[in-house]
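Okay, so here's the structure we're looking at.
Residue numbers (the working numbering), protein chains in the order written: chain A, 307 to 497; chain B, -11 to 181.
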């Protein structure tokens, strides 16, 4: 079990390009679709918590999933697994390859990798919202929230507005409290 | 003493970089200014390398600065300090999450927060695509850049492969395979066109 946990998170660390969001796709495939270690709902909830707490999302994911599989030792093993590829690769680059990004074949490959990563992230988000809609008791509310937030975040990203994702999630938390106060949770029985 | 200094500095980075790697970059910049052996110009290189190599950007930055300051021990200490706050917070959360989840109001709140989180993922994917293909620049200058054409060709190739695999093998092409195909197409297109 511990070895599988280590291997899985090592693989996740090795193929995470372009920040935490690229990793989300690989974690979903490895830990939800293949191994069923966590549910979709749990997974998206962890992302929300990961975004609102400090540190890299990959570490949050590894700690949570590792703990769920094998308590403290599982959390430690998964976290070591996810950071080990970084340590090895970056150590070698920092030590021996000073103009790493100027090597032509590498910069060419990264151009393609970046395009692939953006497509993978879009595909994962599409599948997550599709599953969310399937299990939602209030599809109208889920879809409206999703559409509005996509537009807001796109606006923020493309026009370099200085609002962090933490603030965005905070606004959703406040909104959920308002909806609970006016009794929407009872009316629709969302679970 | 340099180890303690490295540890404390990256502990602060780990504890204050909210919401992904991009908030870690300015904090790491502050850290490097406290170590004499790192020049200001090399920070931009650090970030470029940390973003394009595998692994979380924050961890990559910590390993990089740690290695430059004092070799492998430095790399390990800086990385440990960087991940420690996230690890501890998530551990506490993992222990108590199941209990909190029993609460119906909390479950409702999560059902409102989740579409927002998935929306962030979707928007990040779209804006990364726009950045990488320089689509935004193309719209503003009303001229089609070389990277836009190359990027679109790679995207079309990737989507065709995805659909073909889906059709023939009756299952989804994994994210990792798509990354490998992306690298191959990137090399091919930059050397053939």
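No residue lacks a Cβ here, since even glycine has one placed at the ideal position from N, Cα and C.
Residue 22 of chain B counts as exposed, since fewer than 16 other C-beta atoms from the protein chains shown sit within 10 angstroms of its C-beta. Residue contact with chain B for residue 331 of chain A: present (Cβ-Cβ distance below 7 Å to some residue of chain B). Look at residue 61 of chain B: its C-beta is not under 7 Å from any C-beta on chain A.
Exclusion of the five residues before and after residue 316 of chain A leaves 387, 388, 390 and 391 as the residues of its chain whose Cβ lies within less than 8 Å of its Cβ.
A Cβ of chain A is located within less than 7 Å of the beta carbon of residue 100 of chain B. Excluding its 5 nearest sequence neighbours in each direction, residue 373 of chain A has C-beta neighbours in its own chain below 7 Å: 380 and 381, listed in chain order. Among the CB atoms of chain A, none fall inside 7 Å of the CB of residue 158 of chain B.
In this chain, the alpha helix (DSSP H) harbouring residue 375 of chain A covers 363 to 402. Within 8 Å of the CB of residue 434 of chain A, the CB atoms of chain B belong to 106 and 109, in sequence order along the chain.
Residue 181 of chain B and residue 175 of chain B have their C-alpha atoms spaced approximately 10 Å apart.
Using beta-carbon distances, residue 376 of chain A does not count as an interface residue toward chain B, since no partner is under 7 Å. Residue 343 of chain A has its alpha-carbon roughly 7 Å from the corresponding atom of residue 375 of chain A. Think of a sphere of 8 Å around the beta carbon of residue 175 of chain B: the chain A residues whose beta carbon falls inside it are 411, 414, 415 and 418, in chain order. When the five nearest sequence neighbours on each side are left out, the beta carbons in the same chain lying within less than 8 Å of the beta carbon of residue 72 of chain B are those of -1 and 2, in order along the chain.
Judged by DSSP in its simplified three-state form, residue 360 of chain A adopts strand. The three-state secondary structure of residue 37 of chain B, taken from DSSP, is helix. Non-local beta-carbon contacts of residue 15 of chain B in its own chain, meaning distances under 8 Å to residues more than five positions away in sequence, involve 0, 1, 4 and 5 in chain order. Rounded to the nearest whole angstrom, the CA to CA distance from residue 124 of chain B to residue 467 of chain A is 16 Å. Sixteen is the threshold: when 16 or more other Cβ atoms of the shown chains lie within 10 Å of the Cβ of residue 82 of chain B, as they do, the residue is buried.
Judged by DSSP secondary structure, residue 73 of chain B falls within the alpha helix (DSSP H) whose first and last residues are 45 to 89.
Pairwise C-beta distances place the region 110 to 126 of chain B in contact with the region 428 to 436 of chain A, as three or more of them are shorter than 8 Å. With a threshold of 7 Å between beta carbons, residue 178 of chain B makes contact with chain A. The beta-carbon of residue 402 of chain A is placed no less than 7 Å from the nearest beta-carbon of chain B. Listed along chain A, no residue sits closer than 8 Å to residue -4 of chain B by beta-carbon distance, the nearest being about 15 Å off.
A straight-line Cα-Cα distance of about 31 Å links residue 440 of chain A and residue 419 of chain A. Taking 7 Å as the CB threshold, residue 437 of chain A stays off the interface with chain B. Annotation for residue 313 of chain A: 387 place their beta carbon closer than 8 Å to its own, counting only its chain and skipping 5 residues before and after. Residue 344 of chain A sits in coil when the DSSP states are folded into three classes, being neither helix nor strand. At least one CB of chain A lies nearer than 7 Å to the CB of residue 170 of chain B. Two segments are said to touch when three or more pairs of C-beta atoms, one from each, lie closer than 8 Å; by this definition the region 442 to 449 of chain A does not touch the region 355 to 362 of chain A.
Within the same chain, 19 and 22 come within 7 Å of residue -3 of chain B by CB-CB distance, once the 5 residues on both sides are set aside. Assignment of residue 310 of chain A by DSSP, reduced to helix, strand and coil, places it in the helix class. Spanning the alpha carbons of residue 119 of chain B and residue 135 of chain B requires a straight line of approximately 10 Å. By the criterion of a C-beta distance shorter than 7 Å, residue 327 of chain A is surrounded in its chain by 427, once the five residues flanking it on both sides are discounted.
Note that the region 38 to 56 of chain B touches the region 392 to 400 of chain A; at least 3 beta-carbon pairs, one per stretch, sit closer than 8 Å.
According to the DSSP assignment, residue 337 of chain A belongs to no alpha helix (DSSP H), since it is labelled neither H nor E.
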